[in-house]
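**Student:**
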Amino acid sequence: MSKLALHWKIIIGLVLGIVWAFAASALGWNEFTLNWIDPFGVIFIRLLKFIAVPLVLFSIISGISDLKDISKLGRLGAKTLGIYLITTISAVAIGLLLVNVIKPGAMVDDETRIKNRISYELWAMEEGVEIKDGKRFSQDEKYASYLSEAQKLSANENDLAAQERLQDAEKKKDEGPLQFLVDMVPENIILSISDNALMLQVIFFAIFFGICLAVLPEENVSQVKQFVKGTNEVFLKMVDFVMRAAPFFVFALMAGVLANMADSPAEVFEIFKGLGSYSLVVFGGLAFMVFVFYPVIARTVVKPLTYTGFFKRISPAQFLAFSTSSSAATLPVTMECVEENIGVSRNITSFVLPIGATVNMDGTSLYQAIAVIFLAQLHMVDLSLGQQLTIVLTATLASIGSAAVPSAGLVMLIIVLQSVGLNPLWIAIIFPVDRILDMCRTVVNVTGDATVSTIIAKSEGELNFQKL
Ligand code: ASP
33 MSKLALHWKI IIGLVLGIVW AFAASALGWN EFTLNWIDPF GVIFIRLLKF
83 IAVPLVLFSI ISGISDLKDI SKLGRLGAKT LGIYLITTIS AVAIGLLLVN
133 VIKPGAMVDD ETRIKNRISY ELWAMEEGVE IKDGKRFSQD EKYASYLSEA
183 QKLSANENDL AAQERLQDAE KKKDEGPLQF LVDMVPENII LSISDNALML
233 QVIFFAIFFG ICLAVLPEEN VSQVKQFVKG TNEVFLKMVD FVMRAAPFFV
283 FALMAGVLAN MADSPAEVFE IFKGLGSYSL VVFGGLAFMV FVFYPVIART
333 VVKPLTYTGF FKRISPAQFL AFSTSSSAAT LPVTMECVEE NIGVSRNITS
383 FVLPIGATVN MDGTSLYQAI AVIFLAQLHM VDLSLGQQLT IVLTATLASI
433 GSAAVPSAGL VMLIIVLQSV GLNPLWIAII FPVDRILDMC RTVVNVTGDA
483 TVSTIIAKSE GELNFQKL
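Take 33 as the starting number for the sequence shown in my numbering and just add one per residue.
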């Protein structure tokens, strides 16, 4: 067993976790799973999360303080953000293409869609939202008999969970256009460090601190630099230790997630049936990104990298992304994989990956594009080209604004829905399948970060690729 590569051990843990969850629910052991196995999954996520912030802090400071030429940092920053933006917009475009061609929302029977449509018109009237496509089913006598059922439907959409998320999103919407810049600057660095959601503030502080270290005379700061480097090593070692136990932790996490998802995992399948076509389109788009888009780019940039080699090198991070649903929690492992297995220098990983984990979410943006159009199709709403372009813009921004934690993409979807005059409470419709889609889109988010950091390392001459 000890000779088996880590990614195989993690796969085994993952599969055993799923098998366990099904067996346990069949045997009525769900309670046992929740009491005795699930806590280890929670411990795993806590370990990764607590390592993530100090690791980002110390690795960025140590990477930047070593830079001989600070102007390189500006170039690196612009390149990083530029390439991240390109991959995100490509992901939205792929999502839009798939959902417009396959039309998963139109696969539902017309009667249901007409009722949905009328409930949408009623909602729009109440909220004073203008419907752009000009149709009016609610005023057509032909559909008068559907009216009362549609009214019931719109009442159902006021699902409690959706309402709560709506309030979160409303807060974000009221903010001014430069709020994201304001949010990046810490008020009190201790507070930022103590809140994983404020990772961008930690990055800002670390870059600033690193620049100051780099420009000060060596004799004044050599001990500080030494301390930062040494501490960084300690956190990297922690990642190493935690990863050795990862197969077991992933088992616990999967068993726990499934046990929490529904009373029985069989129920999960039931839920999926209704949203099957939508889920398949999202899976298809995400699979395209992971199995075609990124490996092709990575192989084009790094010639000796083989297709399977690409996955061998980063799969521990991918499996972890899948089981934790959080790019932030996966970050320490992404950094380790990209540095040790692909050969990207620490200067690059420590700068590009933490920024990527917080702002680059290709999987999230692709999913948001598909979800919005699917929901529109389900309600017989035709979106114009202009509205679809608005979706490109808002899904890109919403994915940048999504925190790297479970379900963040769903919350931000509200903003994308509102940007084209759709009912934000529709997130309640896709809510039941969101966790599993979240797991998959997080894999895409992490793979995207790893690929972009490889491209940047190559272009900066900071890639020391070795055959495995
Ligand atoms: N869970 C995703 C992540 O951490 C964000 C999302 O909900 O899409 O990358």
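Cβ coordinates follow ideal geometry from the N, Cα and C atoms, glycine included. Quick caveat, the model's predicted, so the values are computed rather than measured.
Excluding sequence positions up to five away, which residues of its chain have a Cβ less than 6 Å from the Cβ of L307?
**Tutor:** Your numbering for residue 307 matches position 275 in the sequence shown. Within the same chain, L307 has close Cβ partners V465.
**Student:** Are the stretch 443-450 and the stretch 481-493 touching, with three or more C-beta to C-beta distances below 8 Å?
**Tutor:** In short, these stretches do not touch, since the Cβ pair count stays below three.
**Student:** Ignore the nearest five residues each way along the sequence and tell me which others in M33's own chain have a CB closer than 8 Å to its CB.
**Tutor:** Translated into the one-based positions of the sequence shown, residue 33 becomes position 1. Its pLDDT being 45, under 50, M33 is placed unreliably by the model, and the measurement read from it follows with that caveat. Contacts found: K41.
**Student:** Can you check DSSP and say which residues form a bridge with L495?
**Tutor:** Working through the sequence shown from its first residue, we reach residue 495 at position 463. In DSSP, L495 forms a bridge with V376.
**Student:** Would you call the CB atoms of G49 and V282 closer than 9 Å?
**Tutor:** Against the sequence shown, residue 49 aligns to sequence position 17. Against the sequence shown, residue 282 aligns to sequence position 250. In contact: G49 and V282 (Cβ atoms closer than 9 Å).
**Student:** Less than 9 Å between the beta carbons of L352 and R473, yes or no?
**Tutor:** Residue numbering aside, residue 352 sits at position 320 when the sequence shown is read from its first letter. Residue numbering aside, residue 473 sits at position 441 when the sequence shown is read from its first letter. No; because the gap between Cβ atoms is not below 9 Å, this pair is not in contact.
**Student:** Under the three-state reduction of DSSP, which class applies to H411: helix, strand or coil?
**Tutor:** Within the sequence shown, the letter at position 379 stands for residue 411. Three-state DSSP puts H411 in coil, outside helix and strand.
**Student:** Tell me which residues share the same chain as Y178 and place their Cβ nearer than 7 Å to its Cβ, disregarding the 5 neighbours each side in the sequence.
**Tutor:** Along the sequence shown, one-based indexing puts residue 178 at 146. I146, K147 and I150.
**Student:** Unbroken alpha helix (DSSP H) runs of length 4 or more, entirely within the stretch 216-249: which are they?
**Tutor:** Whole alpha helix (DSSP H) segments, 4+ residues: 221-225 and 231-247.
**Student:** I'd like to check one pair, P218 with S226: are the Cβ atoms closer than 9 Å?
**Tutor:** On the sequence shown, position 194 is the one that residue 226 refers to. On the sequence shown, position 186 is the one that residue 218 refers to. No, these two residues do not count as a Cβ contact at 9 Å.
**Student:** In whole angstroms, what is the alpha-carbon distance linking Y116 and E162?
**Tutor:** As a first step, residue 116 is located in the sequence shown; it is residue number 84 there, counting from the start. As a first step, residue 162 is located in the sequence shown; it is residue number 130 there, counting from the start. Rounded to the nearest angstrom, the two C-alpha atoms are 34 Å apart.
**Student:** In chain order, which alpha helix (DSSP H) runs of at least 4 residues are fully inside the stretch 325-369?
**Tutor:** Counting whole runs of 4 or more residues, the stretch 325-369 contains the alpha helix (DSSP H) stretches 326-333, 339-356 and 359-368.
**Student:** Terminal residues of the continuous alpha helix (DSSP H) containing Q420?
**Tutor:** Here residue 420 corresponds to residue number 388 of the sequence shown, with the count starting at 1. Unbroken alpha helix (DSSP H) run through Q420: L417 to G433.
**Student:** When you measure from the CB of R473 to every non-hydrogen atom of the ligand ASP, does any distance come out below 8 Å?
**Tutor:** Locating residue 473 in the sequence shown gives position 441, where the first residue counts as 1. It does: the Cβ of R473 is within 8 Å (strictly closer) of some heavy atom of the ligand ASP.
**Student:** In whole angstroms, give me the CA-to-CA distance for I69 and I243.
**Tutor:** Translated into positions along the sequence shown, residue 69 becomes position 37. Translated into positions along the sequence shown, residue 243 becomes position 211. When rounded, the distance between both Cα atoms is 45 Å.
**Student:** Write down the C-beta distance between L502 and S97 rounded to the nearest angstrom, noting that I regard them as a contact closer than 8 Å.
**Tutor:** Residue 502 cannot be examined here, being either before or after the span of the chain that is shown, 33 to 500.
**Student:** Just mark N62 as buried or exposed, buried being the case when its beta carbon has 16 or more other beta carbons within 10 Å.
**Tutor:** Here residue 62 is taken as the residue at index 30 of the sequence shown, counted from 1. By the 10 Å Cβ count, N62 comes out buried.
**Student:** From V322, A408 and P279, pick the residue whose C-alpha is nearest to that of Q420; which is it?
**Tutor:** Your numbering for residue 420 matches position 388 in the sequence shown. If we check each option's Cα against that of Q420, A408 comes out closest.
**Student:** Just how far apart, CA to CA, sit N392 and V214?
**Tutor:** As a position in the sequence shown, residue 392 is number 360, starting the count at 1. As a position in the sequence shown, residue 214 is number 182, starting the count at 1. Near 19 Å, if we compare the C-alpha coordinates of V214 and N392.
**Student:** Checking 9 Å against the spacing of the C-beta atoms, do E368 and A349 come in under that value?
**Tutor:** Locating residue 368 in the sequence shown gives position 336, counting from the first residue. Locating residue 349 in the sequence shown gives position 317, counting from the first residue. Contact: yes.
**Student:** Expressed to the nearest angstrom, what Euclidean distance is found between the alpha-carbon atoms of L312 and T144?
**Tutor:** What you label residue 312 is simply residue 280 of the sequence shown in a count that begins at 1. What you label residue 144 is simply residue 112 of the sequence shown in a count that begins at 1. C-alpha separation (whole angstroms): 20 Å.
**Student:** Quick check on the burial criterion: 16 or more other C-beta atoms within 10 angstroms. Buried or exposed for Y310?
**Tutor:** Stepping through the sequence shown from its first residue, residue 310 is reached at position 278. With 16 or more Cβ atoms within 10 Å of its Cβ, Y310 is classed as buried.
**Student:** Could you give the distance in angstroms between the alpha-carbon of F237 and the alpha-carbon of G433?
**Tutor:** Counting from one through the sequence shown, the residue named residue 237 turns up at place 205. Counting from one through the sequence shown, the residue named residue 433 turns up at place 401. F237 and G433: Cα-Cα distance of roughly 19 Å.
**Student:** Relative to the C-alpha of T390, which residue among I405, T362, H411 and S377 is closest?
**Tutor:** Stepping through the sequence shown from its first residue, residue 390 is reached at position 358. Taking only the C-alpha atoms, the option nearest T390 is T362.
**Student:** Could you check the C-alpha separation between D142 and H411 for me, to the nearest Å?
**Tutor:** For the purposes of this step, residue 142 is taken as the residue at position 110 of the sequence shown. For the purposes of this step, residue 411 is taken as the residue at position 379 of the sequence shown. Between D142 and H411, the C-alpha separation is close to 10 Å.
**Student:** So R78 is in the alpha helix (DSSP H); what residue range does that whole segment cover?
**Tutor:** Residue numbering aside, residue 78 sits at position 46 when the sequence shown is read from its first letter. Start and end: D70 to S97.
**Student:** Going by other Cβ atoms of all chains shown within 10 Å of its Cβ, with 16 needed for buried, is R4 buried or exposed?
**Tutor:** What is shown of the chain runs 33 to 500, which leaves residue 4 out entirely.
**Student:** Within 8 Å: the Cβ of D470 and any heavy atom of the ligand ASP?
**Tutor:** Locating residue 470 in the sequence shown gives position 438, where the first residue counts as 1. Flag set: Cβ of D470 near the ligand ASP.
**Student:** Do A360 and K81 come within 9 Å of each other at the CB atom, strictly closer than that value?
**Tutor:** Residue 81 sits at position 49 when you count from the first residue of the sequence shown. Residue 360 sits at position 328 when you count from the first residue of the sequence shown. For K81 and A360, yes; Cβs fall inside 9 Å.
**Student:** Alpha carbon to alpha carbon, what distance is there between A401 and K167?
**Tutor:** Numbered from its first residue, the sequence shown carries residue 167 at position 135. Numbered from its first residue, the sequence shown carries residue 401 at position 369. Cα to Cα, the separation comes out at about 23 Å.
**Student:** With a Cβ-Cβ cutoff of 9 Å, do I329 and S485 count as a contact?
**Tutor:** Residue numbering aside, residue 329 sits at position 297 when the sequence shown is read from its first letter. Residue numbering aside, residue 485 sits at position 453 when the sequence shown is read from its first letter. No, Cβ-Cβ distance for I329 and S485 is not below 9 Å.
**Student:** Taking just the CA atoms, how far does G375 sit from Q498?
**Tutor:** Here the question's residue 498 lines up with position 466 in the sequence shown. Here the question's residue 375 lines up with position 343 in the sequence shown. The straight-line gap from Cα to Cα measures roughly 7 Å.
**Student:** Excluding the five sequence neighbours on either side, which residues of its own chain have a C-beta within less than 6 Å of the C-beta of G127, listed in chain order?
**Tutor:** For this step, residue 127 is matched to residue 95 along the sequence shown. Taken in chain order, the residues that qualify are G317, L398, A401 and I402.
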